[in-house]
Amino acid sequence: MEVRPCFFTVGQADRATRRSNLIIEDIDFIMRRTLLLNLALLFVLTLILSSGSFLQAAERPNVLLIMTDDQGWGDVRSHDNPLIETPQQDLLASQGAQFERFYVSPVCAPTRSSLLTGRYSLRTGVHGVTRGFENMRAEETTIAEMFKAAGYNTGAFGKWHNGRHYPMHPNGQGFDEFFGFCGGHWNRYFDTNLEHNKQPVKTEGYITDVLTDHAIDFIKQNKDQPFFCYVPYNAPHSPWIVPEKYWDKYANKGLDDKARCAYAMVECVDDNLGRLMQTLDDLKLSGNTIVLFLTDNGPNSNRYNGNMRGRKGSIHEGGIRVPLFVRYPDKIKAGTVVKPIAAHIDILPTLLELCSVENTADQPLDGKSLVPLLTNKSTKDWPQRMLFSDRLFRNSIPGDELPNGSVRTDRWRAAYERGKWSLYDMQADPSQKQNVIKAHPAVMKELSAAYRDWFKDVSQAGFEPIPIPAGHPKEQFTSLPANESFLFPEAGQGINYSGNGHNGYANSWIEDWTDPKASVVWHLDVLQPGTYEATLKYTCRAEDVGCEVQARVHDQTLNATISEPHDPPKIGNQDRVEQSDNYMSKDWAKIELGTFTLKKGNCNLTLTGVKKPGSELLDVKGFELKRVQ
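Quick note on numbering: full-length UniProt numbering labels position 554 of the sequence shown as 554, and the sequence is numbered without any gaps.
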């Protein structure tokens, strides 16, 4: 076969070369465009698949969870109380679901830990309101941690009461933002000092208004992304402090001063609830925001409570039955009434389901999602339940294996107090006037056995106080407050707490220290070994100058002698009702004792008297430890 050579003219060759170059450029452009498209697609897929889904997070509802402090079931006008005005709470109840039988714990801190974890408080380490028994174990997984992991921005604005030390502090338990206070109560409600993410802040105005201001700011800042906003108001908890206009409004209504102030404080909260609701409306967020309103226990004084037995602190109906209103226009019909019993432990699983948030807790939940009840689905398959309450060894018989407590079903309430059981038919006798234990022995046997089994289960971790974590990497300073100390031989024997003496509430100090052999002990968990400076906060009367105290950790001791008096007056309260020293404070002096070398692990810091020239030693507010290396 003859192969003929192919000849091109110069012009033909140039045209061929240009065509080849164009083809190469087209191929190069197509490849680059394909690469860019693939990279863009990969970026979008990464966003979708990462951290709970970019798209899902944008579509999830917001949550506004509001809880008041010591507001009873009867402190709402729509609960047949003509003496109080709560138009915003009444409106909220009518716009969504209200629960007829909703239960919490008898006191503050246990309710809060159950609300945050979906677990009975005894499992979480919380079984009191002070002395460190209010502290929740750091390894518990909170609702804020779950929502944060799902892409929500989280904020808490108000009273925490589950630990002031990191990582038990709100910022260590899933809340990006915290503004409020961590103790069980606060002393001053006007122009007070609060904290913002562990930094002290001076505020202006009434505390309920201030907390609302910061919650509103948080909502506005996060209006374009999902948020979880927790607003645990500290009203109407004492001290009895309220703005004049509310106090005046409840004059001449036949109320004692405590009830008058409680109603005034609740109405102030109600006005602030209205501000929160208006903010959601203004930002067009109402339709996609789940709003919940509840309270943490029964009323804190003797006032109207629907003729129920008991008040705050009681394991009976009046101590633990509270309001719960839930509004979510996209899912819950207005006017929904939920009749089956429910409890604080149910809030977490309910919100997880409504918001499609994953349960990331390592421990099992005690609560049950209430979504079927809220959405008016058939409840014929809704199980019969038992709900449990306790006051761990509060007024119990010493040595008794069971604490005072109760079991609630839809019909029955069994109560265990000081070694004796009683039984009430709550449908026939809602005021608990007739003990029917003899008429229903089988019911009593079942409920008492269930209570024993429940207590054995939830108390497996024991009741030892959770030691104060010292030296956390995120905290240079560790506060050892007086109310988290333990007195030996015990309070009232040569040493005492201020206020009502034996309890040592949130802002108490140590006083009446007449016996130098008496001691003050703080239990510590040193997280980082090293050198710590120890500073004592104290006051000392002129007649007690020259007194000497000694701080000891293991075999290390540091002594301090007071050479000058520092005896400022107690700072008065702003109360409408006279109160005890529980709500007083003082200007504290500081003295540096020196340094301790602390090993990692548990230890005690013990303060004892050495020399007492006068009738007493110091008043002690607490210690401050500073990690220096």
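Glycine included, C-beta positions come from ideal geometry on N, C-alpha and C.
Note that this is a predicted model, so its numbers are computed, not measured.
- Residue state for Glu-353 is assigned as helix, using DSSP reduced to three classes.
- DSSP, reduced to helix, strand and coil, places Leu-65 within a strand of the structure shown.
- Annotated as distal: Ser-563 and His-165, with beta-carbon spacing of 9 Å or more.
- Membership of Gly-274 in the alpha helix (DSSP H) is indicated by the continuous run 257 to 282.
- Looking at the DSSP output, Asp-555 shares a beta bridge with no other residue.
- Contiguous beta strand (DSSP E) elements confined to the stretch 414 to 479 occur at 420 to 425, 468 to 470, taking only those with 3 or more residues.
- At the C-beta level, Lys-258 and Arg-303 come within 9 Å of one another.
- Three or more beta-carbon pairs drawn from the stretch 565 to 584 and the stretch 534 to 545 are found closer than 8 Å, and the two stretches are therefore classed as touching.
- For the set Leu-617, Val-620, Val-628, Gln-221, the Cα lying nearest the Cα of Phe-596 is the one of Val-628.
- Fewer than three Cβ pairs drawn from the stretch 573 to 587 and the stretch 601 to 615 lie within less than 8 Å of each other, which leaves the two stretches out of contact.
- DSSP places His-523 in the uninterrupted beta strand (DSSP E) bounded by 519 to 526.
- Judged by beta-carbon spacing, Pro-232 lies within the 9 Å limit of Gly-180, meaning their Cβ atoms are closer than that value.
- As summarised for the stretch 333 to 383, the continuous alpha helix (DSSP H) elements at least 4 residues long and confined to that stretch are 347 to 355, 371 to 374, given in chain order.
- In the three-state reduction of the DSSP assignment, Val-210 falls in the helix class, which pools H, G and I.
- Taking all protein chains in view, the Cβ of Lys-438 is surrounded by fewer than 16 other Cβ atoms within 10 Å, so the residue is classified as exposed.
- Using a 10 angstroms sphere on the CB of His-502, the tally of other CB atoms stays under 16, which defines it as exposed.
- By the Cβ neighbour-count rule, Arg-327 is buried, with 16 or more other Cβ atoms within 10 Å of its own.
- Beta-bridge partners of Asp-390 (DSSP): Gly-405.
- Here Thr-141 is near Gln-363, since their CB atoms are less than 9 Å apart.
- Nearest Cα to Thr-279 within the set Tyr-416, Arg-576, Ile-216: Ile-216.
- Sixteen is the threshold: since fewer than 16 other Cβ atoms of the shown chains lie within 10 Å of the Cβ of Ser-615, the residue is exposed.
- The way I'd put it, the stretch 287 to 303 does touch the stretch 67 to 80; three or more beta-carbon pairs between them come closer than 8 Å.
- Between the C-alpha atoms of Val-201 and Glu-195 there is a straight-line separation of about 5 Å.
- Taking 9 Å as the cut-off, the beta carbon of Leu-273 is found no closer than this to the beta carbon of Ile-219.
- Closest in alpha carbon position to Asp-330, among Met-136, Leu-374, Pro-516, Ala-138, is Leu-374.
- Burial is judged here by how many other beta carbons sit within 10 angstroms of a residue's own beta carbon; Phe-463 has fewer than 16 and is exposed.
- The C-beta of Gly-609 has 16 or more other C-beta atoms within 10 Å across all chains shown, which makes the residue buried.
- With contacts defined by Cβ atoms closer than 9 Å, Asp-75 and Thr-295 form a contacting pair.
- Apart from sequence neighbours up to five positions away, the residues of its chain that approach Asp-176 with a beta-carbon distance below 8 Å are Lys-148, Asn-153, Thr-154, Gly-155, ordered along the chain.
- When secondary structure is reduced to three states using DSSP, Leu-285 falls in the coil class, being assigned neither helix nor strand.
- Straight through space, the alpha carbons of Pro-465 and Gly-184 are spaced by roughly 16 Å.
- The beta-carbon separation of Ala-518 and Leu-487, rounded to 7 Å, stays under the 8 Å limit for a contact.
- Assigned with DSSP and collapsed to three states, His-161 falls in coil, not helix or strand.
- Here the stretch 105 to 122 lies against the stretch 336 to 347, with 3 or more beta-carbon pairs under 8 Å apart.
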